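Quick notes on the structure that follows.
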Amino acid sequence: MSESDPPVVLIVEDEPDVAETYKLWLEGEYEVRMAQNGDEGLELLDGSVDVVLLDRMMPGLSGDEVLSRIRERELDCRVAMVTAVEPDFDILEMGFDAYLSKPIRSEQLHETVTNLLDRSEYDSMLQEYYALVEKRATLEATKSGAELAENDQYEELDDEIEEMRDGLSDTLGGIEDDDDFIATLRGLSNGEEN
Amino acid sequence: MYDLSSVVEFDALREVRPGSSILISGPAMTGKERLAYDILADGARNGDGAVVVTTSDKAEDVVTDFRELVPELNDSQLGVIDCRGEGSSGGSFEGAYVHQVSSPSDLTGIGIGITKALEGLHNSGRERGRLALVSLSTMLTYTDKKTVFKFCHVLSSRLDAADYIGVFTIDSGAHDEQTIQVIKQAFDGLIEVRDADGGGRESRVLGLSGEPTDWKRL
Chain A
21 MSESDPPVVL IVEDEPDVAE TYKLWLEGEY EVRMAQNGDE GLELLDGSVD
71 VVLLDRMMPG LSGDEVLSRI RERELDCRVA MVTAVEPDFD ILEMGFDAYL
121 SKPIRSEQLH ETVTNLLDRS EYDSMLQEYY ALVEKRATLE ATKSGAELAE
171 NDQYEELDDE IEEMRDGLSD TLGGIEDDDD FIATLRGLSN GEEN
Chain H
2 MYDLSSVVEF DALREVRPGS SILISGPAMT GKERLAYDIL ADGARNGDGA
52 VVVTTSDKAE DVVTDFRELV PELNDSQLGV IDCRGEGSSG GSFEGAYVHQ
102 VSSPSDLTGI GIGITKALEG LHNSGRERGR LALVSLSTML TYTDKKTVFK
152 FCHVLSSRLD AADYIGVFTI DSGAHDEQTI QVIKQAFDGL IEVRDADGGG
202 RESRVLGLSG EPTDWKRL
């Protein structure tokens, strides 16, 4: 996500009125793409999509199937499943990042999309943080304390890590929510092979 | 604040900020696990909630041992997440909440277990608590250090939101120096344990407040 472009939201929803409503709510802040069914959704999905709003009950490919295809493609996007029933933890294990119970209010939709974007930000910061920490650990494991003390690169790394650590706790203010916690962990498991 | 100094007598452990995560590191057979359980038991005696994430002991054994350590333990004061891979389910054993996770690498499953355990403790009115994860070394054999590091970071953040403290154990002899250095950095503090010359054990504390402490007999 570059700073100048608005984040991209893909709406996959078979009811045109509902899809149009979501679009109206979101289009000021986001670039919105619309798909009327699962197949079309998968066609419109590429690396630039940040958030997918996925209707669970659709004719043709179901939301669940679309979701597993998205996960197979290992795209770096967040998926909010739109369902008629409130799922419990077991369903969270299925691999979506958030759920919205129909009918959705504007405020709720905005909140969910913002939250998912924040979480992506948290993940990429955590990724970056790890890279720094690993670099520092390598230096610590290979150089003596005296060598480290006069190593400029080490000092710089220290500062960067400190800054990053503060940034991380500011970004999400910690993982407050159970859904956030579980979805973030799920993201870690998916990213294992990277 | 959490006072851990009655378990390990260091000033640095007298006032541990809620949300802190501490790594207990040392070679095999130096009592790291026991130390982690003692920290939980000490809190439980004073009414703190206790959550154990285990990769080696059966949940039922953890509950039984814990009841021996804390005879006055209340029902719903303890939650155990058993990640040895004996299937996945939730239930209870002798009043404790027990959650089975399919594998030590199933981070989502572990997260769900922890969430449910925290929820149960919260609903029974416990606003403070301690979580022990025993051990990170097993997790490191199932997944890479990057994933374990991130897992620790995310879990610490969740514990922070709950005002809990976390203690995690790692076998310092089982991993290369670099791995230990990486994992250490996911924590606010470190308790190091080692065998002392002439028998017994000693430990020191790093990172919680000020300079590393001197080695002291346990």
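Top to bottom, those sequences are chains A and H.
Quick note: to get this note's numbering, add 20 to the position in the first sequence (first position is 1).
Quick note: to get this note's numbering, add 1 to the position in the second sequence (first position is 1).
Backbone N, C-alpha and C define an ideal beta-carbon position, used for all residues, glycine too.
What you are looking at is a predicted structure, and each value in this text was computed from that prediction instead of being measured.
Between K217 of chain H and V183 of chain H, the gap from beta carbon to beta carbon reaches 7 Å or more.
Distance between R68 of chain H and G167 of chain H, taken at the CA atoms: about 20 Å. Taking G110 of chain H as the centre and dropping the five residues before and after it, the same chain places the C-beta of S89, V102 and S103 closer than 7 Å to its C-beta, in chain order.
At a C-beta separation below 7 Å, D198 of chain A has these neighbours in chain H: T116. With its beta carbon at least 7 Å from every one in chain A, T214 of chain H lies outside the interface.
The beta carbon of D83 of chain H sits closer than 6 Å to the beta carbons of T55, A60 and Q101 from its chain, once the five residues preceding and following it are set aside; these are given in chain order. Membership of M101 of chain A in the beta strand (DSSP E) is indicated by the continuous run R98 to T103.
For A133 of chain H, the enclosing beta strand (DSSP E) begins and ends at G130 to V135. Rounded to whole angstroms, E10 of chain H and E131 of chain A show a C-alpha spacing of 47 Å. In the three-state DSSP reduction, F150 of chain H falls in the helix class (H, G or I). Here the C-alpha atom of C153 of chain H lies approximately 27 Å from the C-alpha atom of R202 of chain H.
In this structure, DSSP gives T214 of chain H a state outside helix and strand, which the three-state scheme calls coil. For L136 of chain A against V71 of chain A, the beta-carbon gap comes to about 5 Å, under 8 Å, which counts as contact.
Counting only the Cα atoms, E193 of chain H lies some 26 Å from L79 of chain H. Within chain H, the residues placing a beta-carbon under 9 Å from that of V153 of chain A are F150, Q182, V183, Q186 and A187, ordered along the chain. Annotation: F116 of chain A has no Cβ neighbours in chain H at a cutoff of 7 Å; minimum Cβ distance is about 12 Å. Exposure of M30 of chain H is indicated by the presence of fewer than 16 other C-beta atoms within 10 angstroms of its C-beta. Interface annotation for the segment 155-167 of chain H against chain A: V155, S158, R159, D161 and A162, criterion Cβ-Cβ distance under 7 Å. Between the alpha carbons of C97 of chain A and K151 of chain H lies a distance of about 19 Å.
Of all residues in the segment 143-176 of chain A, the ones placed with a Cβ closer than 7 Å to any Cβ belonging to chain H are L146, Y150, V153, E154, A157, T158, E160 and A161, in chain order. Within the segment 111-142 of chain H, I111, G112, I113, I115, T116, K117, L119 and E120 place their CB atoms closer than 9 Å to a CB of chain A, listed in sequence order. Taking C-beta atoms as the reference points, L14 of chain H and S26 of chain H fail to come closer than 7 Å. For a Cβ distance threshold of 8 Å, nothing in chain A lies close to Q101 of chain H: the least Cβ distance comes to about 14 Å.
Cβ contact annotation for L41 of chain H (same chain, cutoff 6 Å, sequence separation greater than five): A51, R131 and A133, in chain order.
Listed by position along chain A, the residues whose Cβ is nearer than 7 Å to that of K147 of chain H are Y150. For E178 of chain H, the chain A residues whose C-beta falls within less than 7 Å of its own C-beta are A161, listed in chain order. Here the C-alpha atom of I90 of chain A lies approximately 24 Å from the C-alpha atom of V155 of chain H.
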